[in-house]
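Residue numbers for the sequence shown follow the numbering used here, so the first one is 12 and each next one is one higher.
Shown next, in structure tokens, is the structure this report addresses.
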Amino acid sequence: MKRIYQVSVLAMLAVISACAAPNLTSERLDSGAAYDMQQTLMGAQNLDMSHVYTVRMLVNGTRVDVTSLSPEVIGLEGQEKNRYATVLVFSQNRDSVIFFTRDPETGEGYRRSIGLNELRQRPVFEFPLVVGTTVTTAKFEVIDVTVLP
């Protein structure tokens with residue numbers, strides 16, 4: 012009986028470690044590069060309607076849909092040059108989603124690109140999110156990834 016218990020505990024640990032969030036690192040940008048990146052990503056549009064990609068996810072429990080047509084701004088603070096945001100946008104070739112946050116306190120940026128296959132396989136991870144005048148770590152949980160012809 013003790014042996015069965017030990018084996019089941021080891022099996023549970025293996026399952027938990029396999030399902031754990033991926034260890035994804037973010038590229039850190041200084042304030043000047045972060046401002047330029049934010050402006051570029053917020054203005055990005057891809058009006059190619061031949062295939063529209065959508066990633067549906069929960070961000071701290073709130074549903075967010077990111078499409079390949081335009082960026083999704085989920086955290087926004089300030090105005091004009093003092094605007095700080097969390098932006099989600101598809102890469103130009105639509106094989107990954109770029110996550111970007113510009114910190115209101117320091118002006119620095121955090122950037123991470125995650126491939127669609129990786130989003131499908133390991134759908135839970137954390138990334139910085141602008142909330143008011145601060146940045147907090149948010150839980151991102153992918154619901155599904157779809158392609159519409």
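Using N, Cα and C, we set each Cβ at its ideal position, and we do this for glycine too.
None of these values were measured; they are calculated from a predicted model.
Of the choices the options, whose alpha-carbon is the least far from that of residue i?
{"i": "L130", "options": "V142, Q50, R105, M60", "result": "R105"}
{"i": "E124", "options": "P115, E116, E137, K92", "result": "Correcting the residue identity first, residue 124 is Ser in this sequence and not Glu. If we check each option's Cα against that of S124, E137 comes out closest."}
{"i": "G143", "options": "V135, V153, Q90", "result": "Q90"}
{"i": "N93", "options": "E38, V135, T148, Y46", "result": "Y46"}
{"i": "D59", "options": "S107, Q103, A149, V135", "result": "Q103"}
{"i": "T65", "options": "A44, S107, S37", "result": "S107"}
Within the same chain, show all residues whose beta-carbon is closer than 8 Å to that of residue i, passing over the 5 residues directly before and after it, in chain order.
{"i": "L52", "result": "P82, V98, V100, I109, F111"}
{"i": "P160", "result": "S61, H62"}
{"i": "A44", "result": "G120"}
Whole-angstrom Cβ separation of residue i and residue j, contact assumed at under 8 Å?
{"i": "G120", "j": "M48", "result": "6 Å"}
{"i": "L140", "j": "G86", "result": "5 Å"}
{"i": "V146", "j": "L127", "result": "About 26 Å separates the two Cβ atoms, so there is no contact after all."}
{"i": "Q50", "j": "L80", "result": "Not a contact, Cβ separation roughly 19 Å."}
{"i": "S37", "j": "T117", "result": "That belief does not hold up - the Cβ atoms of S37 and T117 are roughly 14 Å apart, past 8 Å."}
Beta-carbon separation of residue i and residue j under 7 Å?
{"i": "H62", "j": "V153", "result": "no"}
{"i": "F151", "j": "V77", "result": "no"}
{"i": "Y95", "j": "R113", "result": "yes"}
Keeping to the same chain, check which residues put their C-beta closer than 7 Å to that of residue i; ignore five residues upstream and five downstream.
{"i": "L40", "result": "M48, E119, G120, R122"}
{"i": "V88", "result": "With the sequence shown as reference, residue 88 is identified as Glu, and Val is not the correct amino acid for it. Only Y95, P115, V141, G143, T144 meet the Cβ criterion."}
Below 6 Å CB to CB, which residues in the same chain sit around residue i once its five sequence neighbours on both sides are set aside?
{"i": "A22", "result": "Confidence in A22 is poor, its pLDDT being 42 and thus under 50, which makes the residue's placement unreliable; the coordinate value appears in the next sentence. Nothing meets the Cβ criterion."}
{"i": "V84", "result": "A96, V98"}
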